Amino acid sequence: MRFLRKNNIKKTVLVLSDLHLGAGEYVEGRPNILEDFHYDKELVDFLKYYSSGEYSSREVEIIINGDLFDLLAVPFVPYFDDEFWSEEAALAKLKMILDAHPEVIQAFGEFVSHKNKKITYIIGNHDGEFIFESVRKMLMDRIPEKDRERFI
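Add 430 to a position in the sequence shown, counting from 1, and you land on the number used in this note's numbering.
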């Protein structure tokens with residue numbers, strides 16, 4: 431079974447899906463019952479693990495298979511209406527999420543800063559607002575400019 435030897439692995443592909451990062455545990459000082467993601471530290475540790483040690487020189491690609499962010503569960507308006515789906519609303523909701531999970535966003539940026547590390551982001555049904563270029567730009571502005579080409 432020589433083909434199963436660890437040293438023959440040229441690339442590691444990891445698929446993350448439906449993490450649903452939301453606006454955080456608290457919004458405006460009140461508990462946020464819509465927040466489903468409570469594992470910031472674990473996700474940061476996961477990203478560090480796959481960019482160091484035995485993976486430091488190996489090619490690693492993370493495929494985010496939709497719904498890293500949950501823009502549907504952000505307490506932005508009291509009810510769904512046309513305002514909830516606007517580009518401006520999408521930017522406000524994403525900013526709330528990014529501000530609520532700064533360590534995670536920083537860890538994604540650090541991950542792609544390592545040689546041979548790449549992230550491919552596939553839009554899901556809870557983060558469909560990424561169809562807006564301005565929303566994609568807001569996320570990419572949190573990734574160091576020199577590393578953005580590896581976050582697609």
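For every residue, glycine included, the Cβ atom is placed at its ideal position computed from N, Cα and C.
Remember, predicted model here, so these are calculated numbers, not experimental data.
Subject >> Top-ranked residue by Cα proximity to residue 533, from 522, 523, 516 and 468 >> reply: In the sequence shown, residue 533 corresponds to position 103, counting from 1. It is 468.
Original post:
Measuring CB to CB, does residue 493 end up less than 8 Å from residue 443?
Top reply: Locating residue 493 in the sequence shown gives position 63, where the first residue counts as 1. Locating residue 443 in the sequence shown gives position 13, where the first residue counts as 1. Cβ distance < 8 Å, so residue 493 and residue 443 count as in contact.
**OP:** Please work out which residues of its chain come closer than 8 Å, Cβ to Cβ, to residue 496, disregarding the five sequence neighbours upstream and downstream, and give them in chain order.
**Re:** Indexing the sequence shown from 1 puts residue 496 at position 66. Excluding sequence neighbours, residue 496 sits near 447, 448, 552, 553, 554, 555, 556 and 557.
Subject >> Environment of residue 571 [buried if 16+ CB atoms lie within 10 Å] >> reply: Along the sequence shown, read from residue 1 onward, the residue named residue 571 stands at position 141. Answer is exposed; the Cβ neighbour count stays below 16.
Subject >> Inter-residue Cα distance where the pair is residue 546 and residue 563 >> reply: By one-based count along the sequence shown, residue 546 stands at place 116. By one-based count along the sequence shown, residue 563 stands at place 133. If I take the Cα positions, the gap works out to 26 Å.
**OP:** Throw me the rounded Cβ distance for the residue 500 and residue 569 pair, which I believe falls under 8 Å.
**Re:** Residue mapping note: residue 500 aligns to position 70 of the sequence shown, counting from 1. Residue mapping note: residue 569 aligns to position 139 of the sequence shown, counting from 1. In fact, because the Cβ distance is near 14 Å, the residues do not count as touching under 8 Å.
Subject >> Cβ distance (whole Å) where residue 537 is taken to contact residue 504 below 8 Å >> reply: Start at 1 with the first residue of the sequence shown, and residue 537 comes out as number 107. Start at 1 with the first residue of the sequence shown, and residue 504 comes out as number 74. With 8 Å as the limit, residue 537 and residue 504 do not qualify as a contact, their Cβ atoms being about 21 Å apart.
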